[in-house]
Amino acid sequence: MINQGVINRLIEIVGERYVLYVPEDLLVYEYDGSQAMGYPEVVVVPSSTEEISQVVKIARRENIPIVPRGAGTSISGGAIAASGGILMAMTRLKRVLEVDPDNMIAVVEPGLVNIDLTRAVSRYGLFYAPDPSSQKACTMGGNVAENAGGPHCLSYGVTVNHVLGLEVVLSDGEVMWVGGKVKDTPGYDLTGVIVGSEGTFVIVTKIIVRLMRQPRAVKTFVAIYDDIVDASDTVSAIIGQGIVPAALEMMDNIVIRAVEPVIHAGYPLDADAVLLVEVEGMAESVEEEARAIEVICKENKATDVRVATDPQAREKLWAGRKNAFGALGSIAPNYYIVDGVVPRSKLPGVMKRVAEICRRYEVSVANVLHAGDGNLHPIILFNERDEGMKEKVLEAGGEIMRVCIDAGGALTGEHGIGIEKQMYMPWSFTEEDMDAMRRLRGAFSSAGFFNPGKIFPDEAVDGKAWELPRLVAKGSGMYV
Ligand SMILES: Cc1cc2nc3c(=O)[nH]c(=O)nc-3n(C[C@H](O)[C@H](O)[C@H](O)COP(=O)(O)OP(=O)(O)OC[C@H]3O[C@@H](n4cnc5c(N)ncnc54)[C@H](O)[C@@H]3O)c2cc1C
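In this text, residue positions in the sequence shown follow our numbering: the first is 802, and each later residue adds one.
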């Protein structure tokens, strides 16, 4: 329980307006984009590294946990205050501090919304490559913590490939820089270690990022299929031939039917699946690559390939993909987005298993995939008011995750472990593996201080946020 003396001290640091502790104000922060919920005791909204440092020092002295939070779009429960304590919202720290077009780098604050960085640098012919579908809302700090990916990360790489350095506040309140403005810095790659640490190591307060030059030519097209398995086969065939498009995304019929009435992206309503393909580069190579991909699509039974003929049409095709999750809200009151990754060649088989599992659980499933990366997002549609439904859906999601692991895949393609996947960690990692991870965290912060109750199964806050009773009861690795 945080006492009034501590609250007064926090108010002295960040100002009265930026310390929230009345229950009605806290309600807004009990959710993120996942199925989990947790209630912070106090929300602090700092405006500088110095303020963050002071808040951390107080929290450390008083033994109060801190959960850093960006926009709260985490789908794994990462931004939930699972053990109460202080939730530190980074939303006031949203400046682009420096743009160096010659060296193609920028320095930004962690609360900057992803897309605002590309907007800020586009006048120099530059852009920031990692583009999560949530990029109109999610923040750079959240992207760093989750090592976010996005449709164009197929060719550009994920967040860790674009972060050069970080200013961070350590668990004793000290401020430290890791990495720097040049590509290689001597010593351990602490930047790489912190990226993807899900808010459990440090609080990120400044980010140095690489920028990319906008491509000379871009071609975007959509390939249409009567059978989603043919679309999956196409993905394997394209990559198998050594072609890596800038983006290669897949959507199934349920997603198409949800998206079209709202976005009018131009996806045919009767298609079983569409592949959204983007090719970038010099004009000649783009044409050549696009032609080769078109041939592969047709060889794999695409019924049609429709090319965006102008920037507006291209934008529409992308708007369909980037608003897919939101559009699904129009056909179901709730949905659970599963995030798994498998070797690309296993996609067709895994997609069949996903469909079987959902049939057995009698739940509808929509599929959006960063297909080129083998990253699938089965989205299980449900109504949480139906008794027992949420549990059923979580269990179906657990089975899908197990199928991904058994196919040689991983627990998450991009959304992180958080609360959602912590019970599954033993499916991928031995006790020794997890112990090594804990020791690494220990070099930065003690358990229970930054973002507690996440990642490790034995640190889950009992039954508070996430319950997978039957699956967990069967024990690690025993579920078949
Ligand atoms: C519709 C939708 C589409 C999505 N599409 C994608 C996608 O294509 N690719 C993808 O990767 N993800 C996607 N996501 C998931 C989510 O948007 C990403 O994980 C994103 O990086 C989270 O950013 P955020 O600012 O919302 O962070 P939050 O949700 O607020 O926090 C996420 C994690 O980051 C930590 N954190 C936040 N700020 C800091 C900081 N300054 N220092 C230390 N830790 C911090 C938090 O503690 C938490 O663990 C999607 C989510 C939604 C709702």
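All residues carry an ideal CB built from backbone N, CA and C; glycine is no exception.
Is the beta carbon of residue j closer than 9 Å to that of residue i?
i	j	result
M1090	V1106	It should be noted that the sequence gives Glu, not Met, for residue 1090. Their beta carbons are not under 9 Å apart, which means E1090 does not touch V1106 by this criterion.
A1167	L1076	no
I916	I1009	no
P866	F1183	no
R1115	V1045	no
G873	D901	no
A1109	K1117	yes
V996	T960	yes
Y925	M1013	no
V1139	L1177	yes
M1224	P1258	yes
A883	G1254	yes
Q836	E1215	no
W978	G988	no
G912	L894	yes
L1070	I1057	yes
I881	A860	no
M889	V868	yes
E1260	A1248	yes
T1035	V1080	no
V1003	L1241	no
A1208	K1147	yes
A1074	A1125	no
D1174	L955	yes
R1011	H963	yes
S972	G1217	no
W1282	I1206	No information on residue 1282 is available, as it lies outside the stretch 802 to 1281 that the chain covers here.
L821	V846	yes
Helix, strand or coil for residue i, going by three-state DSSP, please let me know.
i	result
E1163	coil
E910	coil
I808	helix
I1004	strand
A1074	strand
N1135	strand
E1282	It is not possible to answer for residue 1282, since the shown part of the chain is limited to 802 through 1281.
Y819	helix
S1277	Low confidence applies to S1277: its pLDDT is 32, below 50, so where it sits in the model is not reliable, and the reading given next is rough at best. Here S1277 sits in coil by DSSP.
V1142	strand
F1022	strand
A1103	strand
I1009	strand
L894	coil
Y1225	helix
G1053	Note that residue 1053 is Asp in the sequence shown here, rather than Gly. Three-state DSSP puts D1053 in a strand.
L1269	Bear in mind that the predicted position of L1269 carries a pLDDT of just 44, short of 50, making it too unreliable to give a figure here.
V1080	strand
A1048	strand
Y830	helix
M838	strand
T1231	coil
T874	coil
S854	helix
I1040	helix
Let me confirm a value: residue i is counted as buried when at least 16 other C-beta atoms fall within 10 Å, else exposed. Which label applies?
i	result
R818	exposed
L1272	Low confidence applies here, because L1272 scores a pLDDT of 37, under 50, leaving its location unreliable; read the following figure in that light. Buried.
V829	exposed
Q855	buried
K1123	buried
E1233	exposed
N944	buried
R1145	buried
S923	exposed
M1279	Unreliable positioning characterises M1279 in this predicted model, as indicated by a pLDDT of 28, which lies under 50. A coordinate reading is not provided.
V983	exposed
E813	exposed
K1275	Residue placement at K1275 is poorly supported in this model, since its pLDDT is 35, which falls under 50; the coordinates still yield a value, given next. Classification of K1275: exposed, given that the 10 Å Cβ count is below 16.
A1084	exposed
E767	Residue coverage of the chain in this structure runs from 802 to 1281, which leaves residue 767 outside it and unanswerable.
N809	exposed
According to DSSP, what are the bridge partners of residue i?
i	result
D1259	Looking at the DSSP assignment, D1259 forms no beta bridge with any residue, so it has no partner.
L888	V844, V868
G1249	None; G1249 has no bridge partner.
R1014	L927
V900	A907
V1108	F1022
(message) Ignoring anything shorter than 4 residues, give me the alpha helix (DSSP H) runs that lie fully in the stretch 1148 to 1195, in order along the chain.
(response) Within the stretch 1148 to 1195, the runs of alpha helix (DSSP H) at least 4 residues long that lie entirely inside it are, in chain order, 1148 to 1161.
(request) Pick out the complete beta strand (DSSP E) segments inside the stretch 918 to 998, 3 residues or longer, and give them in chain order. (result) Fully enclosed beta strand (DSSP E) runs of 3 or longer: 964 to 970, 976 to 980.
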